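Its first residue numbered 24, the sequence shown is counted upward by one per residue in the numbering used here.
We put the beta carbon where it would ideally sit given N, CA and C, even for glycine.
Please read all numbers here as calculations on a predicted model, not as lab measurements.
Everything on this sheet refers to the single structure shown next.
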Amino acid sequence: MPPNAWAEWAEGRPPVAVCNHLSGALIQRWSSTAPAMMQPPLDHHLLVLHLGGPKRIVRSGGLGTAHVDIGSGAFTMVPAGSSYRWLTAGPIDFAHLFLHPDRFAHDVSETYGVAPNQVRFADQLGRGDAIVRALFELLLADSGTDPLAAEARLTRLNLRLATLTGPTPRALVDAPLPPARVARVRDYVRAHLAMPITLDTLAAEGGMSRYHFIRAFRAATGLTPYAFVIAERVAAAVDELRAGDRSIAEIAAETGFSSPARFSERFRALIGHTPAEFRRACR
């Protein structure tokens, strides 16, 4: 069953938050739903982030019944095809990350050189990990304005889950991206600064898969693709601030920042001054 078709347990109550702009993934946050839930076999893996405070969960199905006390921020992993009945005693507040098996297998196999059909999504109940929690919360809070950063976070989350719940794999070492491909990526970024730039698009420009591209690009430039795009946007903004009297809001939009505040934050992080301070110093 696909994630969007599984709604009976919520009794018509909509999720309090939805993130559906990720490739091969969907996030929904739920609150104050019924304590009992029947989860049918899904065609996606399911990662649950338990929120709201400590609770006791009874999970029935599979190999039996488990009674687990779970702290806030712990996570549960349910492989695709599994079916369970859940009963929660305590605060009902949680987020679901529905992850297509192909996306998870792709990220892990591309990174560690294992065949996709050998990648396993482990069954876990109420496990704690600060990194998983942080990455999940960042994805949950994401507004979709920076798809490049969101896709990179999802890949990091998938790799963290793989290394936490299975034998620790050894990452492949990639050669640097050739200079001609770096130049092609740079030219694409400069021509599309005002538009959303995705990791998939940059990887295609570089002629590589997404994860290999990240590693090869960093080896060639010393920057992640995300950091490179931000640097190019700030560099273009520097030229605009020096050249004329256009408003900071106009420059922020033209160089691809979602708001003047975001522009100012990123500009100051790289230049050491806000855009307004930099403009005054140049006059």
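Could you spell out where the beta strand (DSSP E) holding residue i opens and where it closes?
{"i": "residue 293", "result": "From DSSP, residue 293 is part of no beta strand (DSSP E) but of the alpha helix (DSSP H) over 283-294."}
{"i": "residue 229", "result": "No beta strand (DSSP E) contains residue 229, which is instead part of the alpha helix (DSSP H) from 222-229."}
{"i": "residue 112", "result": "107-112"}
{"i": "residue 44", "result": "First-last for residue 44: undefined, no H or E at that position."}
{"i": "residue 73", "result": "68-73"}
{"i": "residue 280", "result": "Neither: residue 280 is in no beta strand (DSSP E) and is coded neither H nor E."}
{"i": "residue 59", "result": "59-62"}
If you draw a straight line from the C-alpha of residue i to the C-alpha of residue j, how long is it?
{"i": "residue 138", "j": "residue 132", "result": "6 Å"}
{"i": "residue 176", "j": "residue 279", "result": "20 Å"}
{"i": "residue 235", "j": "residue 76", "result": "39 Å"}
{"i": "residue 112", "j": "residue 72", "result": "16 Å"}
{"i": "residue 81", "j": "residue 259", "result": "55 Å"}
{"i": "residue 226", "j": "residue 232", "result": "6 Å"}
{"i": "residue 156", "j": "residue 303", "result": "42 Å"}
{"i": "residue 249", "j": "residue 84", "result": "42 Å"}
{"i": "residue 297", "j": "residue 212", "result": "23 Å"}
{"i": "residue 201", "j": "residue 106", "result": "47 Å"}
{"i": "residue 295", "j": "residue 120", "result": "37 Å"}
{"i": "residue 142", "j": "residue 183", "result": "13 Å"}
{"i": "residue 215", "j": "residue 242", "result": "23 Å"}
{"i": "residue 172", "j": "residue 160", "result": "14 Å"}
{"i": "residue 92", "j": "residue 54", "result": "19 Å"}
{"i": "residue 163", "j": "residue 291", "result": "26 Å"}
{"i": "residue 293", "j": "residue 223", "result": "25 Å"}
Mapping DSSP to helix, strand and coil, what is residue i?
{"i": "residue 88", "result": "strand"}
{"i": "residue 120", "result": "strand"}
{"i": "residue 213", "result": "helix"}
{"i": "residue 187", "result": "helix"}
{"i": "residue 115", "result": "coil"}
{"i": "residue 99", "result": "strand"}
{"i": "residue 269", "result": "coil"}
Between the Cα of residue i and the Cα atoms of the options, which residue gives the shortest distance?
{"i": "residue 127", "options": "212, 166, 49, 288", "result": "49"}
{"i": "residue 69", "options": "80, 47, 55", "result": "47"}
{"i": "residue 26", "options": "59, 72, 103, 227", "result": "103"}
{"i": "residue 272", "options": "299, 292, 266, 214", "result": "299"}
{"i": "residue 210", "options": "170, 251, 237", "result": "251"}
{"i": "residue 24", "options": "53, 153, 62, 51", "result": "62"}
{"i": "residue 78", "options": "29, 121, 148, 143", "result": "148"}
{"i": "residue 118", "options": "207, 56, 263", "result": "56"}
{"i": "residue 65", "options": "122, 90, 98, 109", "result": "122"}
{"i": "residue 219", "options": "287, 110, 41, 168", "result": "168"}
{"i": "residue 257", "options": "267, 277, 86", "result": "277"}
So, is the C-beta of residue i closer than 8 Å to a C-beta in chain D?
{"i": "residue 56", "result": "Of the chains in the structure shown, none is chain D; there is only one protein chain."}
Looking at the secondary structure, which residues open and close the alpha helix (DSSP H) in which residue i lies?
{"i": "residue 143", "result": "Segment: none, residue 143 is in no alpha helix (DSSP H) and carries neither H nor E."}
{"i": "residue 244", "result": "233-244"}
{"i": "residue 254", "result": "248-266"}
{"i": "residue 304", "result": "298-304"}
Just to check, is the beta-carbon of residue i closer than 7 Å to a non-hydrogen atom of the ligand SAM?
{"i": "residue 253", "result": "Inclusion of the ligand SAM in the displayed structure is not the case, the ligand content being empty and no account of it being possible."}
Report the residue ranges of all alpha helix (DSSP H) runs contained in full by the stretch 126-164; include only those spanning at least 4 residues, in chain order. 153-164
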